[in-house]
Amino acid sequence: MTGLRVASYAKINLGLEVLALRSDGYHELRTLFQTIDLHDDITLQPRRSGIVVRCDHPGVPTDETNLAARAASALAKYGHVTQGIEIRITKRIPVAGGLGGGSSNAAATLLGLDRLWGLGLGPAGLHPLARRLGADVPFFLMGGTALGLARGDEVYPLHRQIRGHVVLVDAGRPVSTAAVFRRVDESLTPREKSYTIFLFVSRHLEGESGFSLLSNDLESAALSEAPDLREAIERTRGILRGAGCSLAALSGSGSSFFGLFEDARRAGRARRALEAAGLRAFGCRTLSLEEYRWRWSRTLGRAGARVGRTR
Ligand code: C5P
Numbered sequence: 006m007t008g009l010r011v012a013s014y015a016k017i018n019l020g021l022e023v024l025a026l027r028s029d030g031y032h033e034l035r036t037l038f039q040t041i042d043l044h045d046d047i048t049l050q051p052r053r054s055g056i057v058v059r060c061d062h063p064g065v066p067t068d069e070t071n072l073a074a075r076a077a078s079a080l081a082k083y084g085h086v087t088q089g090i091e092i093r094i095t096k097r098i099p100v101a102g103g104l105g106g107g108s109s110n111a112a113a114t115l116l117g118l119d120r121l122w123g124l125g126l127g128p129a130g131l132h133p134l135a136r137r138l139g140a141d142v143p144f145f146l147m148g149g150t151a152l153g154l155a156r157g158d159e160v161y162p163l164h165r166q167i168r169g170h171v172v173l174v175d176a177g178r179p180v181s182t183a184a185v186f187r188r189v190d191e192s193l194t195p196r197e198k199s200y201t202i203f204l205f206v207s208r209h210l211e212g213e214s215g216f217s218l219l220s221n222d223l224e225s226a227a228l229s230e231a232p233d234l235r236e237a238i239e240r241t242r243g244i245l246r247g248a249g250c251s252l253a254a255l256s257g258s259g260s261s262f263f264g265l266f267e268d269a270r271r272a273g274r275a276r277r278a279l280e281a282a283g284l285r286a287f288g289c290r291t292l293s294l295e296e297y298r299w300r301w302s303r304t305l306g307r308a309g310a311r312v313g314r315t316r
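Heads up, the sequence shown is in our numbering, so the first residue is 6 and it goes up one at a time.
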């Protein structure tokens, strides 16, 4: 049986507002998601039975708690598929770094298995399964620049697709998203009247960039959860701003920090300055909705990234 190789892309949050604690324990959010071309590689190889996960990163669980394994199991049940699958994950996205790696792996597994098993559900049909797996999973069925509402799982593509160069700094340590949100609860005053993300969207209509409006409400909670990161984050922000970025922010609940640049040379200069300061920095690019769709259609098309037969 032929397998399938898929790329599983990371995201950054260009902005994130926490509005209120919901009755289901989650938080009501407004966020601007952006896919970037940093990606893990996933190979889906059919086997007679059972779901097996292999991963080259020791920080990723390979038992049934792995989000890609849970995605495969949920889809098999939904589609009445009895065949098994081996999921091999080659990690490049920092683990528990606020870049949506686990959620992206789950969405990529759903899209890949939908094709491999011939279920024909597509992103819209997979959405109900995706939102049950995690708040960020539905976004990765779509990609590009998108507005996330509710738990972040109600996703709307933006007319304005951001294109730019991204310099990422990997803080080299995981931060628990659940723990950061618990810290938010200690200080959260519901603020339904905050409209900065909506203003950002409309500023573009007036011909302004609007990036200065954006911020991440999780940053101070992330820094109280991981105070050891404060100094490196301040240094990173200073270097990115000095190099002329349009936006410098923590991604999601951290620990990754990023700078967005219009200009490739400035981005390159920032990356080198960060490296010279002893930080782990790498460069990548935004992926627009159109680019994301195109990459997925190439992968899932008839001449897609097929891999060898099972023995
Ligand atoms: O949905 P996911 O499992 O990825 O979220 C991880 C954790 O982040 C949740 O268990 C929850 O504690 C927190 N979270 C939240 N509100 C959101 C999204 C995530 O409280 N909108």
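Built from N, CA and C at the ideal position, the CB exists for glycine as well.
Check: Are there any heavy atoms of the ligand C5P lying less than 6 Å away from the beta-carbon of His-32, as far as the coordinates show?; Outcome: yes
Check: Does the Cβ of Glu-280 have 16 or more other Cβ atoms within 10 Å, making it buried, or fewer, making it exposed?; Outcome: exposed
Check: Would you call the CB atoms of Ile-56 and Ile-90 closer than 7 Å?; Outcome: yes
Check: Pick helix, strand or coil for Tyr-161, following the three-state DSSP scheme.; Outcome: strand
Check: Measuring alpha carbon to alpha carbon, tell me which of Leu-294, Glu-296, Ser-261 and Tyr-297 ends up nearest Gly-288.; Outcome: Ser-261
Check: Tell me whether Thr-304 counts as near the ligand C5P, meaning its Cβ is closer than 6 Å to at least one heavy atom of that ligand.; Outcome: no
Check: May I have the straight-line CA-CA distance separating Tyr-31 from Ser-256, to the nearest angstrom?; Outcome: 18 Å
Check: State the Cα-Cα distance for the pair Arg-187 and Pro-179, rounded to the nearest angstrom.; Outcome: 16 Å
Check: I need the straight-line Cα distance from Leu-252 to Asp-141, nearest angstrom please.; Outcome: 22 Å
Check: At a cut-off of 6 Å, is Thr-182 close to the ligand C5P when judged by its beta-carbon and the heavy atoms of the ligand?; Outcome: yes
Check: Is it buried or exposed for Ala-308, if we count other Cβ within 10 angstroms and need 16 for buried?; Outcome: Residue confidence for Ala-308 is low, a pLDDT of 46 falling below 50, so the modelled location carries little weight and cannot support an answer.
Check: Quick one, which of Tyr-83, Asp-190, Phe-38 and Gly-130 has its alpha-carbon nearest Ser-229's?; Outcome: Asp-190
Check: Determine which residues share a DSSP beta bridge with Tyr-14 and list them.; Outcome: His-44
Check: Would you be able to state if there are at least three C-beta pairs under 8 Å between the segment 112 to 124 and the segment 68 to 77?; Outcome: yes
Check: To the nearest angstrom, report how far apart Tyr-14 and Ser-28 are at their CA atoms.; Outcome: 31 Å
Check: Expressed to the nearest angstrom, what Euclidean distance is found between the alpha-carbon atoms of Leu-245 and Trp-122?; Outcome: 45 Å
Check: Under a three-way DSSP split, which group does Glu-296 fall into?; Outcome: helix
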